[in-house]
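As C-alpha cells, the structure follows; a few thoughts come after it.
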Amino acid sequence: MVERSASRGTAPGRRGGRRRGAVSTPALSVAIALAIALSLPGALASGAQPALLPPPRIVKDFIPFGPKREREMRRYALEHYGIDSFKLVDPHLIIWHYSVSSTLQSVWNTFADDVPDVTYHELPQVCAHFVVDTDGTIYQLVPLDLMCRQVVGLNYTAIGIENVGFSDEQVMGDAAQYQSALELTRWLRCTKHIPVANVIGHNESLSSPYYRELVPAFRGQTHQDFNRADMSIVRARVAELPCRR
1461 MVERSASRGT APGRRGGRRR GAVSTPALSV AIALAIALSL PGALASGAQP
1511 ALLPPPRIVK DFIPFGPKRE REMRRYALEH YGIDSFKLVD PHLIIWHYSV
1561 SSTLQSVWNT FADDVPDVTY HELPQVCAHF VVDTDGTIYQ LVPLDLMCRQ
1611 VVGLNYTAIG IENVGFSDEQ VMGDAAQYQS ALELTRWLRC TKHIPVANVI
1661 GHNESLSSPY YRELVPAFRG QTHQDFNRAD MSIVRARVAE LPCRR
C-alpha cells in the first residue's frame, strides 16, 4: 500500500492563542490521515493479506478425457473408494512420481491411450495431472477437477506430478526440472491449502492417513518412486517457498 500524507494547514490564531472551537494541527492531521487510510483498498484496517504468488508457467496439453473415460473413472472410484463420481473434490495430497521413460511424448502417449494399464490391467488408463519435462517445462495433461489413476488407494484425493526420468536422484539432480517441480508444488499447495506434510512420494502412499482401498487384491500395492528420505528433502525445500508476496 502506498501511503498518502495529508497537507498540514496553519490554524488561524488570535493574539498568539488558539481560536475557540478550532481543531489543533496535530489532531487534524491524524484525523485526515486516518480517513484516507480507511478509504484505501486493502488498508491495514481491513486485515487483508498480501496476494498469492502467481503460478509458474504451465503449458496446457490435455490428454483425451471424454465421457467414456469419465464413466470408467467413476466406476473405478465406486469400486475402490465407494465414491460414485469421477470428480476430484477438495484434494488433500500432492504426489510426486517419475515416469521411467526419457521423453515427455512417451508419457503423454501412455496416459492418452485409454487401454487397461500394464500393472493392474484395469480401466481407465493411468495418468497424472502434470508432467515436468527435463528442461523444466511444466505441462498440464488433466484438469484439476478430474481424478487421475496415479496411486492405488489415494486417487480420490490426490493431485499427481509426473517427472520425466528414471530415478529420484536424476530428477532432483536436474536443476531446471527440480526447481520447476518445486514451484509447481508450491503453487498447488498454496492455492489448494494443502499442508507441506501432505506433499508425498508415490513410495509413501501406504503410510498416508488418507489411504483407502476397498478391493483386497489392490491393498499393499505401491511403487518405488520418491521414497521418504528423498521426499523429506523435497518437503524441506517446499516449506521454504512462500505462498504470498
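Residue numbers (the working numbering): 1461 to 1705.
Here a beta-carbon is modelled for each residue, glycine too, at the ideal position from N, C-alpha and C.
Please read these numbers as outputs of a predicted model, since none were measured by experiment.
Quick one: give me the first and last residue of the alpha helix (DSSP H) that residue i is part of.
i, result
"Y1536", "1527-1541"
"L1553", "That residue, L1553, is in no alpha helix (DSSP H); its beta strand (DSSP E) goes 1553-1558."
"A1699", "1688-1700"
Could you pull out every residue in the same chain whose Cβ sits closer than 7 angstroms to the Cβ of residue i, ignoring the five residues on either side in sequence?
i, result
"F1626", "Y1558, V1560"
"V1611", "I1555, A1618, H1662, S1665"
"V1602", "F1522, I1523, F1525, C1587, H1589, C1608"
"R1705", "P1510, A1511, L1513"
"H1642", "First, the amino acid is wrong: residue 1642 is Leu here, not His. Hits under 7 angstroms: R1697, V1698, L1701."
Give me, in chain order, the residues of the same chain whose beta-carbon lies closer than 8 angstroms to that of residue i; leave out the 5 immediate sequence neighbours on both sides.
i, result
"L1674", "E1539, H1540, Y1541, G1542"
"D1595", "A1636, Q1637"
"D1573", "Q1585"
"M1632", "Y1638, D1690, I1693, V1694"
Pop quiz: residue i and residue j are said to be a contact at Cβ under 8 angstroms. What is the actual Cβ separation, rounded to whole angstroms?
i, j, result
"K1652", "M1607", "About 15 angstroms; that fails the 8 angstroms criterion."
"S1668", "L1614", "6 angstroms"
"E1622", "V1567", "6 angstroms"
"V1624", "T1645", "Actually they do not touch by this definition, with Cβ atoms about 16 angstroms apart."
For residue i, report the span of its beta strand (DSSP E) as first-last.
i, result
"I1709", "An answer regarding residue 1709 cannot be provided, because it is not within the stretch 1461 to 1705 covered by the chain."
Kindly list the residues whose CB is nearer than 6 angstroms to the CB of residue i, restricted to its own chain and excluding five residues on each side of it in sequence; keep chain order.
i, result
"S1640", "V1592, G1596, I1598"
Open item on the list: What ranges does the beta strand (DSSP E) occupy inside the segment 1645-1671, keeping only unbroken runs of at least 3 residues that lie completely in it?
Closed with: 1659-1661
Task: the segment 1635-1645 / the segment 1531-1548 touching (three or more Cβ pairs under 8 angstroms) - done: no
- [ ] Any chance you could list the beta strand (DSSP E) runs of at least 3 consecutive residues sitting entirely within the segment 1570-1651, in chain order?
- [x] 1590-1592, 1598-1600, 1618-1623
TODO: Inspect the CB distances between the segment 1571-1586 and the segment 1646-1660 and report whether three or more fall short of 8 angstroms.
DONE: no
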